[in-house]
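Participant: For what it's worth, our numbering labels the leading residue of the sequence shown as 2, then goes sequentially. I have a structure I would like to understand better, so I am pasting it below and will then ask my questions one at a time.
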Amino acid sequence: MRLTLLVPELIWPEPGDQHTLENLSLPGFAWLAARAALTRRPAAAFETVLAGQFGLQTPALGALRLLGEDLGDAAIDGHWLCADPVHLRFHHERIVLADAGAFALDDDEAHDIAAALNDEFADIGQLEVASARRWYLRLYPAGRAFAGACAHVAEPLSLVAGRRVDSEIGDDDATLRRWLNEVQMFLHAHPLNQRREQAGKPPVNSLWLWGGGRLCRPQPGHFTAVWSDHPLAIGLARAGGTPVHPLPSGADGLLKLASPGTTQLVVLDSLLPPVLYEDSEGWRQAWQALDTDWLAPLGKALGRPLRELNIVAPTIYGELCWSLRAADRWKFWRRSQPLAALARQLAEGNP
(Lines of atoms letter the chains of each structure in order from A; the text may use other names.)
(Lines give C-alpha, C1' and ligand atoms only; values in the text may rest on other atoms or scores of the structure.)
Protein backbone atom coordinates (compact mmCIF):
# COMPACT_ATOMS: atom_id res chain seq x y z
CA MET A 2 0.00 0.00 0.00
CA ARG A 3 1.11 3.54 -0.78
CA LEU A 4 -0.22 6.13 1.66
CA THR A 5 -0.12 9.93 1.62
CA LEU A 6 -0.99 11.83 4.79
CA LEU A 7 -1.80 15.50 4.28
CA VAL A 8 -1.23 17.24 7.62
CA PRO A 9 -1.46 21.06 7.55
CA GLU A 10 0.36 23.08 10.24
CA LEU A 11 2.47 20.18 11.43
CA ILE A 12 4.98 22.70 12.82
CA TRP A 13 3.84 25.61 15.00
CA PRO A 14 4.23 28.83 12.95
CA GLU A 15 6.16 30.76 15.60
CA PRO A 16 9.66 29.25 15.83
CA GLY A 17 10.53 31.35 18.87
CA ASP A 18 7.59 30.00 20.89
CA GLN A 19 9.57 27.39 22.76
CA HIS A 20 6.78 26.93 25.32
CA THR A 21 4.66 25.41 22.55
CA LEU A 22 7.38 23.54 20.67
CA GLU A 23 9.55 22.22 23.50
CA ASN A 24 8.93 19.09 25.60
CA LEU A 25 6.46 17.61 23.13
CA SER A 26 6.70 13.82 23.27
CA LEU A 27 6.05 12.48 19.75
CA PRO A 28 7.70 9.05 19.56
CA GLY A 29 5.80 7.98 16.44
CA PHE A 30 6.81 11.05 14.47
CA ALA A 31 10.38 10.91 15.79
CA TRP A 32 10.75 7.32 14.55
CA LEU A 33 9.38 8.15 11.09
CA ALA A 34 11.19 11.47 10.68
CA ALA A 35 14.54 9.91 11.59
CA ARG A 36 14.24 7.44 8.72
CA ALA A 37 12.54 9.70 6.16
CA ALA A 38 13.90 11.91 3.40
CA LEU A 39 12.69 15.48 4.00
CA THR A 40 12.04 17.80 1.06
CA ARG A 41 10.88 21.41 1.11
CA ARG A 42 8.93 23.38 -1.48
CA PRO A 43 7.67 26.98 -1.42
CA ALA A 44 4.87 27.67 1.04
CA ALA A 45 1.33 27.30 -0.25
CA ALA A 46 -2.13 27.24 1.30
CA PHE A 47 -3.44 23.94 2.59
CA GLU A 48 -6.25 24.08 0.03
CA THR A 49 -3.80 24.64 -2.83
CA VAL A 50 -1.60 21.74 -1.71
CA LEU A 51 -4.64 19.51 -1.36
CA ALA A 52 -5.79 20.30 -4.90
CA GLY A 53 -2.24 19.70 -6.12
CA GLN A 54 -2.45 16.13 -4.85
CA PHE A 55 -5.08 15.64 -7.56
CA GLY A 56 -2.97 17.30 -10.24
CA LEU A 57 -4.85 20.63 -10.20
CA GLN A 58 -2.76 23.82 -10.21
CA THR A 59 -5.35 26.63 -10.44
CA PRO A 60 -8.67 24.99 -9.57
CA ALA A 61 -12.00 26.58 -8.73
CA LEU A 62 -11.79 25.77 -5.04
CA GLY A 63 -15.22 27.21 -4.26
CA ALA A 64 -17.07 24.90 -6.64
CA LEU A 65 -14.96 21.94 -5.53
CA ARG A 66 -15.57 22.60 -1.84
CA LEU A 67 -19.29 23.02 -2.54
CA LEU A 68 -19.30 19.64 -4.30
CA GLY A 69 -18.13 18.14 -1.02
CA GLU A 70 -21.09 19.53 0.92
CA ASP A 71 -24.48 17.87 1.31
CA LEU A 72 -26.18 20.28 -1.09
CA GLY A 73 -26.84 18.00 -4.04
CA ASP A 74 -25.46 18.86 -7.47
CA ALA A 75 -25.47 22.64 -7.08
CA ALA A 76 -21.75 22.92 -7.88
CA ILE A 77 -22.03 21.34 -11.32
CA ASP A 78 -23.27 24.49 -13.06
CA GLY A 79 -22.39 28.16 -12.72
CA HIS A 80 -19.58 30.35 -11.41
CA TRP A 81 -19.13 29.84 -7.67
CA LEU A 82 -17.07 31.49 -4.97
CA CYS A 83 -16.59 30.72 -1.33
CA ALA A 84 -18.31 33.64 0.43
CA ASP A 85 -17.47 32.86 4.02
CA PRO A 86 -18.84 35.12 6.81
CA VAL A 87 -16.17 37.13 8.62
CA HIS A 88 -15.72 39.89 11.17
CA LEU A 89 -13.35 42.72 10.25
CA ARG A 90 -11.90 45.07 12.85
CA PHE A 91 -9.24 47.76 12.88
CA HIS A 92 -6.11 47.01 14.89
CA HIS A 93 -3.09 49.34 14.81
CA GLU A 94 -4.37 50.97 11.61
CA ARG A 95 -4.70 47.62 9.87
CA ILE A 96 -7.71 45.44 9.14
CA VAL A 97 -7.70 42.12 11.01
CA LEU A 98 -10.01 39.33 9.86
CA ALA A 99 -11.74 36.75 12.05
CA ASP A 100 -13.63 33.89 10.46
CA ALA A 101 -16.76 32.36 11.97
CA GLY A 102 -14.67 29.75 13.76
CA ALA A 103 -13.37 32.51 16.01
CA PHE A 104 -16.78 33.75 17.14
CA ALA A 105 -20.08 32.08 17.95
CA LEU A 106 -22.40 32.02 14.94
CA ASP A 107 -25.12 29.40 14.85
CA ASP A 108 -26.85 27.90 11.83
CA ASP A 109 -30.08 29.86 12.33
CA GLU A 110 -28.20 33.15 12.41
CA ALA A 111 -26.25 32.19 9.30
CA HIS A 112 -29.40 31.34 7.37
CA ASP A 113 -31.15 34.55 8.51
CA ILE A 114 -28.28 36.76 7.35
CA ALA A 115 -27.85 34.91 4.05
CA ALA A 116 -31.58 35.11 3.31
CA ALA A 117 -31.54 38.86 3.93
CA LEU A 118 -28.54 39.28 1.63
CA ASN A 119 -30.25 37.23 -1.07
CA ASP A 120 -33.33 39.46 -0.89
CA GLU A 121 -31.30 42.67 -0.95
CA PHE A 122 -28.87 41.69 -3.72
CA ALA A 123 -30.99 39.42 -5.86
CA ASP A 124 -29.42 40.89 -9.00
CA ILE A 125 -25.93 39.70 -8.04
CA GLY A 126 -26.36 36.02 -7.35
CA GLN A 127 -27.52 33.47 -4.83
CA LEU A 128 -25.91 32.69 -1.47
CA GLU A 129 -25.99 29.09 -0.25
CA VAL A 130 -25.26 28.20 3.37
CA ALA A 131 -23.66 24.81 3.94
CA SER A 132 -22.84 25.53 7.58
CA ALA A 133 -22.52 28.55 9.84
CA ARG A 134 -18.89 28.87 8.73
CA ARG A 135 -19.06 27.91 5.05
CA TRP A 136 -21.10 29.97 2.59
CA TYR A 137 -21.08 30.02 -1.21
CA LEU A 138 -22.07 32.61 -3.80
CA ARG A 139 -23.31 31.64 -7.24
CA LEU A 140 -22.90 34.63 -9.52
CA TYR A 141 -25.45 35.53 -12.16
CA PRO A 142 -23.73 36.20 -15.53
CA ALA A 143 -25.87 39.31 -16.01
CA GLY A 144 -25.11 40.62 -12.52
CA ARG A 145 -23.20 43.88 -12.17
CA ALA A 146 -20.38 42.29 -10.16
CA PHE A 147 -19.90 39.29 -12.43
CA ALA A 148 -16.84 40.47 -14.40
CA GLY A 149 -15.01 41.73 -11.32
CA ALA A 150 -15.78 38.61 -9.32
CA CYS A 151 -14.60 36.35 -12.13
CA ALA A 152 -11.27 38.19 -12.18
CA HIS A 153 -11.02 38.36 -8.38
CA VAL A 154 -8.22 36.35 -6.78
CA ALA A 155 -7.90 36.08 -3.00
CA GLU A 156 -6.12 33.81 -0.58
CA PRO A 157 -8.08 30.97 1.03
CA LEU A 158 -9.54 31.83 4.40
CA SER A 159 -7.05 29.52 6.11
CA LEU A 160 -4.24 31.93 5.17
CA VAL A 161 -5.91 35.14 6.36
CA ALA A 162 -8.01 34.16 9.39
CA GLY A 163 -6.69 35.94 12.46
CA ARG A 164 -4.26 37.98 10.39
CA ARG A 165 -3.99 41.44 8.89
CA VAL A 166 -5.52 42.08 5.49
CA ASP A 167 -4.76 45.39 3.80
CA SER A 168 -7.62 45.14 1.34
CA GLU A 169 -10.19 42.57 0.42
CA ILE A 170 -10.56 43.69 -3.19
CA GLY A 171 -7.89 45.00 -5.52
CA ASP A 172 -8.12 48.46 -7.02
CA ASP A 173 -8.89 47.03 -10.45
CA ASP A 174 -12.13 45.41 -9.21
CA ALA A 175 -14.04 48.68 -8.72
CA THR A 176 -17.51 47.26 -9.35
CA LEU A 177 -16.95 44.32 -7.06
CA ARG A 178 -15.49 46.61 -4.39
CA ARG A 179 -18.54 48.89 -4.53
CA TRP A 180 -20.86 45.92 -4.20
CA LEU A 181 -18.93 44.54 -1.24
CA ASN A 182 -19.09 47.98 0.41
CA GLU A 183 -22.87 47.85 -0.02
CA VAL A 184 -22.89 44.39 1.57
CA GLN A 185 -20.92 45.69 4.55
CA MET A 186 -23.28 48.65 5.05
CA PHE A 187 -26.27 46.34 4.81
CA LEU A 188 -24.78 43.94 7.35
CA HIS A 189 -23.96 46.79 9.72
CA ALA A 190 -27.63 47.79 9.82
CA HIS A 191 -29.05 44.27 10.00
CA PRO A 192 -31.08 43.73 13.21
CA LEU A 193 -29.39 40.42 13.97
CA ASN A 194 -25.97 42.06 13.93
CA GLN A 195 -27.23 44.88 16.12
CA ARG A 196 -28.47 42.31 18.64
CA ARG A 197 -25.11 40.55 18.50
CA GLU A 198 -23.28 43.80 19.24
CA GLN A 199 -25.61 44.57 22.14
CA ALA A 200 -24.82 41.12 23.52
CA GLY A 201 -21.09 41.76 23.19
CA LYS A 202 -20.66 39.40 20.22
CA PRO A 203 -18.73 40.30 17.04
CA PRO A 204 -21.08 41.08 14.16
CA VAL A 205 -20.82 39.41 10.78
CA ASN A 206 -19.78 42.52 8.88
CA SER A 207 -18.33 41.19 5.63
CA LEU A 208 -17.85 38.19 3.35
CA TRP A 209 -14.49 36.74 2.34
CA LEU A 210 -14.68 35.92 -1.36
CA TRP A 211 -12.19 33.38 -2.69
CA GLY A 212 -11.80 30.28 -4.84
CA GLY A 213 -13.94 31.52 -7.71
CA GLY A 214 -14.60 29.67 -10.96
CA ARG A 215 -16.51 26.88 -12.62
CA LEU A 216 -16.19 23.30 -11.53
CA CYS A 217 -13.13 21.57 -12.95
CA ARG A 218 -12.55 17.86 -12.68
CA PRO A 219 -9.18 16.23 -11.97
CA GLN A 220 -8.01 13.31 -14.02
CA PRO A 221 -8.97 10.05 -12.30
CA GLY A 222 -6.43 7.61 -10.97
CA HIS A 223 -4.41 9.70 -8.51
CA PHE A 224 -5.73 7.68 -5.56
CA THR A 225 -7.63 4.47 -5.05
CA ALA A 226 -9.56 6.11 -2.21
CA VAL A 227 -9.66 9.29 -0.11
CA TRP A 228 -10.31 9.38 3.64
CA SER A 229 -11.44 12.74 4.99
CA ASP A 230 -14.20 14.75 6.62
CA HIS A 231 -13.06 17.99 4.95
CA PRO A 232 -15.54 19.22 2.29
CA LEU A 233 -12.81 20.27 -0.17
CA ALA A 234 -11.16 16.85 -0.03
CA ILE A 235 -14.55 15.20 -0.43
CA GLY A 236 -15.36 17.46 -3.38
CA LEU A 237 -12.04 16.76 -5.10
CA ALA A 238 -12.59 13.03 -4.72
CA ARG A 239 -16.13 13.25 -6.05
CA ALA A 240 -15.05 15.42 -8.97
CA GLY A 241 -12.47 12.83 -10.02
CA GLY A 242 -14.71 9.83 -9.45
CA THR A 243 -12.57 8.58 -6.54
CA PRO A 244 -14.26 6.74 -3.66
CA VAL A 245 -14.25 8.84 -0.49
CA HIS A 246 -14.75 7.58 3.05
CA PRO A 247 -15.16 9.18 6.49
CA LEU A 248 -11.93 9.60 8.38
CA PRO A 249 -11.22 6.57 10.61
CA SER A 250 -10.33 7.12 14.25
CA GLY A 251 -6.76 6.07 13.57
CA ALA A 252 -4.32 4.24 11.33
CA ASP A 253 -5.34 0.81 12.61
CA GLY A 254 -8.84 1.33 11.24
CA LEU A 255 -7.49 2.49 7.89
CA LEU A 256 -5.11 -0.47 7.56
CA LYS A 257 -7.98 -2.88 8.20
CA LEU A 258 -10.22 -1.27 5.59
CA ALA A 259 -7.79 -0.38 2.77
CA SER A 260 -6.74 -3.12 0.38
CA PRO A 261 -3.08 -4.07 -0.17
CA GLY A 262 -1.49 -2.67 -3.31
CA THR A 263 -3.66 0.45 -3.35
CA THR A 264 -2.85 4.17 -3.20
CA GLN A 265 -4.61 6.04 -0.40
CA LEU A 266 -4.91 9.71 0.63
CA VAL A 267 -5.75 10.66 4.22
CA VAL A 268 -6.40 14.30 5.16
CA LEU A 269 -5.65 15.00 8.83
CA ASP A 270 -6.44 18.65 9.52
CA SER A 271 -6.79 18.59 13.32
CA LEU A 272 -3.70 20.82 13.75
CA LEU A 273 -5.13 23.58 11.54
CA PRO A 274 -7.83 25.11 13.80
CA PRO A 275 -5.51 25.56 16.82
CA VAL A 276 -3.05 27.45 14.61
CA LEU A 277 -5.77 29.65 13.10
CA TYR A 278 -7.09 30.58 16.54
CA GLU A 279 -3.71 30.73 18.33
CA ASP A 280 -4.55 27.87 20.67
CA SER A 281 -1.09 26.52 21.44
CA GLU A 282 -2.25 24.05 24.09
CA GLY A 283 -4.95 22.74 21.75
CA TRP A 284 -2.28 22.28 19.06
CA ARG A 285 -0.06 20.29 21.44
CA GLN A 286 -2.96 18.05 22.45
CA ALA A 287 -4.01 17.51 18.82
CA TRP A 288 -0.40 16.63 17.92
CA GLN A 289 -0.13 14.02 20.66
CA ALA A 290 -3.40 12.42 19.55
CA LEU A 291 -2.17 12.45 15.94
CA ASP A 292 1.08 10.78 16.98
CA THR A 293 -0.64 8.11 19.06
CA ASP A 294 -3.51 7.34 16.71
CA TRP A 295 -1.77 7.63 13.34
CA LEU A 296 1.99 7.98 13.20
CA ALA A 297 3.04 5.38 15.75
CA PRO A 298 0.85 2.63 14.17
CA LEU A 299 2.06 3.57 10.68
CA GLY A 300 5.66 3.18 11.79
CA LYS A 301 4.89 -0.36 12.91
CA ALA A 302 3.12 -1.06 9.60
CA LEU A 303 5.99 0.16 7.40
CA GLY A 304 7.16 -2.78 5.33
CA ARG A 305 3.96 -4.77 5.55
CA PRO A 306 1.32 -3.83 4.59
CA LEU A 307 2.65 -0.29 4.09
CA ARG A 308 5.24 -0.09 1.31
CA GLU A 309 5.45 3.69 0.97
CA LEU A 310 4.49 6.62 3.21
CA ASN A 311 4.51 10.34 2.39
CA ILE A 312 3.67 12.92 5.05
CA VAL A 313 2.87 16.20 3.28
CA ALA A 314 2.69 19.25 5.55
CA PRO A 315 1.71 22.72 4.31
CA THR A 316 3.25 25.14 6.82
CA ILE A 317 4.44 28.73 7.04
CA TYR A 318 7.96 27.34 6.56
CA GLY A 319 7.07 25.76 3.21
CA GLU A 320 5.43 22.64 1.90
CA LEU A 321 7.31 19.91 3.73
CA CYS A 322 7.29 16.24 2.79
CA TRP A 323 8.72 13.30 4.71
CA SER A 324 9.03 10.28 2.39
CA LEU A 325 9.67 6.70 3.47
CA ARG A 326 9.96 3.36 1.70
CA ALA A 327 9.78 -0.08 3.25
CA ALA A 328 13.57 -0.46 3.39
CA ASP A 329 13.91 2.76 5.39
CA ARG A 330 12.62 1.05 8.50
CA TRP A 331 16.07 -0.53 8.96
CA LYS A 332 17.87 2.83 9.27
CA PHE A 333 17.95 2.49 13.04
CA TRP A 334 21.15 4.55 13.40
CA ARG A 335 19.47 7.77 12.30
CA ARG A 336 18.04 10.29 14.79
CA SER A 337 15.41 12.97 14.23
CA GLN A 338 15.46 16.57 15.37
CA PRO A 339 13.00 17.83 17.98
CA LEU A 340 10.26 19.99 16.47
CA ALA A 341 11.64 23.09 18.17
CA ALA A 342 15.06 22.65 16.56
CA LEU A 343 13.51 21.88 13.18
CA ALA A 344 11.32 25.00 13.36
CA ARG A 345 14.34 27.19 14.10
CA GLN A 346 16.32 25.60 11.27
CA LEU A 347 13.51 26.08 8.77
CA ALA A 348 12.92 29.67 9.89
CA GLU A 349 16.60 30.41 9.23
CA GLY A 350 16.17 29.21 5.66
CA ASN A 351 17.98 25.91 6.00
CA PRO A 352 16.47 22.85 4.30
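For every residue, glycine included, the Cβ atom is placed at its ideal position computed from N, Cα and C.
Contact between the stretch 29-44 and the stretch 313-321: three or more CB pairs below 8 Å?
Facilitator: Touching, yes, given that three or more Cβ pairs across the two stretches are closer than 8 Å.
Participant: Enumerate, from N- to C-terminal direction, the unbroken beta strand (DSSP E) stretches of 3 or more residues contained entirely within the stretch 108-149.
Facilitator: Complete beta strand (DSSP E) runs here, min 3: 126-130, 136-140.
Participant: On the DSSP letters alone, give me the boundaries of the alpha helix (DSSP H) that V227 sits inside.
Facilitator: Start at 1 with the first residue of the sequence shown, and residue 227 comes out as number 226. V227 -> not in any alpha helix (DSSP H); beta strand (DSSP E) instead, spanning 226-228.
Participant: Does the beta-carbon distance from R66 to L310 come in below 9 Å?
Facilitator: By one-based count along the sequence shown, residue 66 stands at place 65. By one-based count along the sequence shown, residue 310 stands at place 309. No.
Participant: Return the chain-ordered list of same chain residues with a C-beta closer than 6 Å to the C-beta of T21, the five sequence neighbours on each side being excluded.
Facilitator: The count along the sequence shown starts at 1 and reaches residue 21 at position 20. Excluding residues within five positions, the ones whose Cβ falls inside 6 Å are W13, S281.
Participant: In whole angstroms, give me the CA-to-CA distance for H153 and F30.
Facilitator: To locate residue 153, count along the sequence shown from 1; it is residue 152. To locate residue 30, count along the sequence shown from 1; it is residue 29. Going by the C-alpha atoms only, they are around 40 Å apart.
Participant: I'd like to know whether the C-beta atoms of P86 and L193 end up nearer to each other than 9 Å.
Facilitator: Here residue 86 is taken as the residue at index 85 of the sequence shown, counted from 1. Here residue 193 is taken as the residue at index 192 of the sequence shown, counted from 1. No, these two residues do not count as a Cβ contact at 9 Å.
Participant: Candidates C83, R345, A37, V313: which alpha carbon is nearest L128's?
Facilitator: Numbered from its first residue, the sequence shown carries residue 128 at position 127. Of the listed residues, the one whose Cα sits closest to L128 is C83.
Participant: Apply the 10 Å Cβ neighbour rule to W136 and answer buried if 16 or more other Cβ atoms are within range, or exposed otherwise.
Facilitator: The residue you call residue 136 lines up with position 135 of the sequence shown. Buried.
Participant: Tell me, to the nearest whole angstrom, how far the beta carbon of P213 is from that of W81; I am working on the premise that it is less than 8 Å.
Facilitator: Here residue 213 is taken as the residue at index 212 of the sequence shown, counted from 1. Here residue 81 is taken as the residue at index 80 of the sequence shown, counted from 1. What sits at residue 213 in the sequence shown is Gly, not Pro. Right, the Cβ-Cβ distance comes to about 7 Å (below 8 Å), so this counts as a contact.
Participant: Counting Cβ pairs closer than 8 Å, one from the stretch 46-59 and one from the stretch 222-242, do we hit at least three?
Facilitator: With a cut-off of 8 Å, the stretch 222-242 and the stretch 46-59 count as touching, because enough Cβ pairs lie within range.
Participant: When the Cα atoms are used, what is the spatial distance from A186 to R285?
Facilitator: Counting from one through the sequence shown, the residue named residue 186 turns up at place 185. Counting from one through the sequence shown, the residue named residue 285 turns up at place 284. The sequence shown places Met at residue 186, rather than the Ala named in the question. Their backbone Cα atoms lie some 40 Å apart in a straight line.
Participant: Please state whether DSSP places D292 in a helix, a strand or coil.
Facilitator: Against the sequence shown, residue 292 aligns to sequence position 291. D292 falls in the helix class under three-state DSSP.
Participant: L140 and G79: beta carbons closer than 9 Å?
Facilitator: Position 139 of the sequence shown, counted from the start, is the residue given in the question as residue 140. Position 78 of the sequence shown, counted from the start, is the residue given in the question as residue 79. Contact flag set, yes.
Participant: How would you write the range of the alpha helix (DSSP H) that I235 sits in, first residue to last?
Facilitator: Translated into positions along the sequence shown, residue 235 becomes position 234. 232-240 is the span of the alpha helix (DSSP H), which, as asked, contains I235.
Participant: With C-beta atoms as the reference, is L138 less than 9 Å away from G63?
Facilitator: Start at 1 with the first residue of the sequence shown, and residue 138 comes out as number 137. Start at 1 with the first residue of the sequence shown, and residue 63 comes out as number 62. Cβ atoms of L138 and G63: closer than 9 Å.
Participant: Is the stretch 253-261 in contact with the stretch 235-244, if contact means three or more CB pairs nearer than 8 Å?
Facilitator: At 8 Å Cβ cutoff, the stretches do not touch.
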